[in-house]
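Here is the structure we will look at.
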Amino acid sequence: MSGTAPTAAPVLPIRGRLRPLGLDQVRITGGFWAERQSINAAATLPHIEHWLERAGWIGNFDLAVQGDLSRERRGREFSDSEIYKFLEALAWEIGRTGDAELESRFRAIVRRVAAAQEADGYLNTRFGRPGQAPRWSDLEWGHELYCVGHLLQAAVARARTRPGADDGLVEVARRAADNVCDTFGPDGVDGLCGHPEIETALVEFARVTGDDRYLTQAALFVDRRGHGRLSDVEYGREYFQDERPVREATVLRGHAVRANYLAAGAADVAVELKDASLLDAVRTQWSNAVARRTYVTGGQGSRHQDEALGEDWVLPPDRAYSETCAGVGSVMLAWRLLLADGDPRYADLIERTLFNVVSTSPSADGRSFFYTNTLHRRELGTLPDADRPSLRAAASLRAPWFEVSCCPTNVARTLASLSAYVATSDDEGLQLHQYLPGTVGHRLADGRELGVSIATDYPHGGQVRVRIESDDDRPWSLSLRVPGWAGQGATLTVDGDTRPVGPGLVTENRTWRRGDEVVLSLPMAPRFTYPDARIDAVRGCVAVEHGPLVLALESVDVPGVETVDELRVDTSQPPRLVDGRVTVRCRRAHPNDHDWPYRTDAAESVPVVGEDLDEDLDEDLDEVALVEYHDWANRGPSTMRVWLPTER
1 MSGTAPTAAP
11 VLPIRGRLRP
21 LGLDQVRITG
31 GFWAERQSIN
41 AAATLPHIEH
51 WLERAGWIGN
61 FDLAVQGDLS
71 RERRGREFSD
81 SEIYKFLEAL
91 AWEIGRTGDA
101 ELESRFRAIV
111 RRVAAAQEAD
121 GYLNTRFGRP
131 GQAPRWSDLE
141 WGHELYCVGH
151 LLQAAVARAR
161 TRPGADDGLV
171 EVARRAADNV
181 CDTFGPDGVD
191 GLCGHPEIET
201 ALVEFARVTG
211 DDRYLTQAAL
221 FVDRRGHGRL
231 SDVEYGREYF
241 QDERPVREAT
251 VLRGHAVRAN
261 YLAAGAADVA
271 VELKDASLLD
281 AVRTQWSNAV
291 ARRTYVTGGQ
301 GSRHQDEALG
311 EDWVLPPDRA
321 YSETCAGVGS
331 VMLAWRLLLA
341 DGDPRYADLI
351 ERTLFNVVST
361 SPSADGRSFF
371 YTNTLHRREL
381 GTLPDADRPS
391 LRAAASLRAP
401 WFEVSCCPTN
411 VARTLASLSA
421 YVATSDDEGL
431 QLHQYLPGTV
441 GHRLADGREL
451 GVSIATDYPH
461 GGQVRVRIES
471 DDDRPWSLSL
481 RVPGWAGQGA
491 TLTVDGDTRP
501 VGPGLVTENR
511 TWRRGDEVVL
521 SLPMAPRFTY
531 PDARIDAVRG
541 CVAVEHGPLV
551 LALESVDVPG
561 VETVDELRVD
571 TSQPPRLVDG
581 RVTVRCRRAH
591 PNDHDWPYRT
601 DAAESVPVVG
611 EDLDEDLDED
621 LDEVALVEYH
631 DWANRGPSTM
641 RVWLPTER
């Protein structure tokens, strides 16, 4: 906790209700997330590097140096960004562990990237060289600015984990950012990128370098959005969030990743420039999207054709696109709003999305991934070819790589930097937002050292034990988040005194002594969750949750049943925890077939709740075990559903 070293975190706003703590202050020492960080480091990072080399995407930078790009370049127009996201993941992992081998690999890739940069700072392997389209000639689809954004974020990670490193990445990024400002500044091209990303990257790079020119450019890009500067496309300008100015939009819409990235960038600009109206607009967009356009998993995006958020209440489980990258973008946005406002609702969504979207994408071994995250699989999936990139984003099982492989690198950089999304500080003390075994240490502005350790088996157990690891003769505050899903069933024990606490932040301000303990106890009985009646696609269904985890019914747990669609849940008895698995009572349904699927007799039609089904049910109830949603499809092809139809 040096007083001069930068905080090793992806987001460091200069103001806000809360201040983030980084990898240098928060250590994850065990449990759910430590296991995933370990797999990420040992398996996912080398797997990604293998595919980046095999697919030729890193090799494109070598071809640029050799002058062979026009004939031999491989990958989509945005493939450069995957190398940058991989570098960012490596930078966070090196900062977390100090791994010397990763350091060597990092430097080797940076050398290859740097060699391809042109004299004026422009850096892209898809445009601008002989035989290629001119620079900036396809702002709608070219992703040039998007790629620069990910380069800048990699440089930010490096600057904050290894300040003063001599590998050259920060200088490469600075020259690329200068080129962007020279090209698109107030007196330059009045354009913007079809895929937002550069905005938040420029703000963070301004924070790292202290150069406000990058902040000014980010603000220009935000203000240019929504005035029809991009060409209309078959999905409409809403796809690019270019049909309405950011300040006038009331909900996240269009392409789900783009929407979250743009809102995150707008929040960054608003905080830095003290632009209250812009920040209010982003808050409103977030609130309405969460209330009406977000799946129970935290996933966003219900339209496959354009990877987009649907209209209000359009959340079909079997057509859930819920792209993993949209989940990452949602975490990025909610974290920025949490820092700005301190509202624990943002941390609630971060928790839900991390456990049920981000952690669902990688397989148990960390070497295959879901690009999309459906909530209902009707047919058995097919095993993807382990030697070829998947052509389909909506693969039925996790695939080792994709023609568009944005999600593996996005997951890798998120897991490597996860410590930076756990805790914050203010002038009064510490706030814990996510629960995991670990340690948190921080020095207040007045020089006092604060420290706590956390012991918990969350998310499977509801007790969070926080031990004070520092001595101070002056009071300071410790705040813990009571998740919204806990309702009114949580208790807090301090100095032997137990009291009930409701959802939100609960704060204890006192003079602490080393060894003092605070125990948060959360109600962990599994529960049924009922959808808003306006979500037509799941009316008459229930989901099951256990703590922050969404559960699913998977066919491998129901021998003799071809598809989980045959089962009906009995909601007269709550879910039970049996031998570590949550179970529900089900009957098997035998629908009555007809030669026409529509009825004129209301009693025989598909009913509203309370009417008889046009099907027969087995008389006996079976206790069926559910799987944690993030773990589904790890045991071979299966059918699955999160929203379960009830008997009535």
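Numbering (UniProt numbering), first residue to last: 1 to 648. C-beta: ideal position from N, C-alpha, C; glycine also.
Please tell me whether residue i and residue j are closer than 8 angstroms, where the distance is taken between their beta carbons.
i    : j    : result
A89  : R398 : no
V357 : G299 : yes
V584 : V627 : no
A416 : N124 : no
A177 : A256 : no
L380 : P559 : no
T511 : D473 : yes
V246 : R225 : yes
P20  : T7   : yes
V578 : R635 : no
L418 : W33  : yes
Y295 : S322 : yes
R160 : A9   : yes
Going by other Cβ atoms of all chains shown within 10 Å of its Cβ, with 16 needed for buried, is residue i buried or exposed?
i    : result
K274 : exposed
H590 : exposed
V642 : buried
N60  : buried
T639 : buried
T374 : buried
P316 : buried
S70  : exposed
A5   : exposed
W476 : buried
G96  : Here residue 96 is Arg; the residue named in the question, Gly, does not match the sequence. Classification of R96: buried, given that the 10 Å Cβ count is 16 or more.
R15  : exposed
P574 : exposed
R377 : buried
E449 : exposed
D24  : buried
S479 : buried
D280 : exposed
Y458 : buried
E77  : buried
Out of curiosity, what's the CA-to-CA distance linking residue i and residue j?
i    : j    : result
A165 : R158 : 8 angstroms
E238 : G142 : 18 angstroms
E351 : D312 : 23 angstroms
I468 : R345 : 26 angstroms
R336 : E566 : 43 angstroms
V506 : R17  : 16 angstroms
E307 : G301 : 6 angstroms
R248 : Q241 : It should be pointed out that residue 248 corresponds to Glu in this sequence rather than to Arg. When rounded, the distance between both Cα atoms is 11 angstroms.
D593 : T600 : 15 angstroms
M1   : L87  : With a pLDDT of only 37 at M1, under the threshold of 50, the placement of this residue in the model should not be trusted; the figure read from the coordinates follows. Roughly 25 angstroms between the two C-alpha positions.
I58  : V65  : 12 angstroms
L169 : I109 : 10 angstroms
L45  : A259 : 27 angstroms
T409 : R443 : 33 angstroms
V156 : A270 : 20 angstroms
D365 : R105 : 22 angstroms
D98  : E243 : This sequence places Gly at residue 98; Asp is not what is there. C-alpha separation (whole angstroms): 46 angstroms.
Just list the residues that DSSP pairs residue i with in beta bridges.
i    : result
N356 : Looking at the DSSP assignment, N356 forms no beta bridge with any residue, so it has no partner.
S453 : T439 and R467
A399 : F369
F528 : V544
Q300 : T294
C586 : V569 and D622
A552 : V627
M640 : R377 and E554
R581 : V578
T423 : The sequence shown places Ala at residue 423, not Thr. Beta-bridge pairing links A423 to L432.
A308 : H255 and R303
V518 : V466 and V494
Quick one: does residue i have its CB under 8 angstroms from some CB of chain B?
i    : result
V542 : Looking at the structure shown, chain B is missing, and only one protein chain is on hand.
- [ ] Check whether the region 76-88 touches the region 425-441, taking contact to mean three or more Cβ pairs, one atom from each stretch, closer than 8 angstroms.
- [x] They do not touch, by the three-pair rule.
Open item on the list: Under 8 angstroms: do the region 191-209 and the region 148-163 share three or more Cβ pairs, one atom per stretch?
Closed with: Proximity of the region 191-209 to the region 148-163 meets the contact definition, three or more beta-carbon pairs being nearer than 8 angstroms.
Task: Cβ pair count under 8 angstroms reaching 3, the region 493-504 against the region 432-440 - done: no
Open item on the list: Pairs of beta-carbons, one from the region 131-139 and one from the region 97-114, closer than 8 angstroms: are there three or more?
Closed with: At 8 angstroms Cβ cutoff, the stretches do not touch.
Open item on the list: Within 8 angstroms, do at least three Cβ pairs link the region 520-528 to the region 543-551?
Closed with: yes
- [ ] Could you tell me whether the region 401-411 touches the region 474-484, where touching means 3 or more Cβ pairs closer than 8 angstroms?
- [x] no
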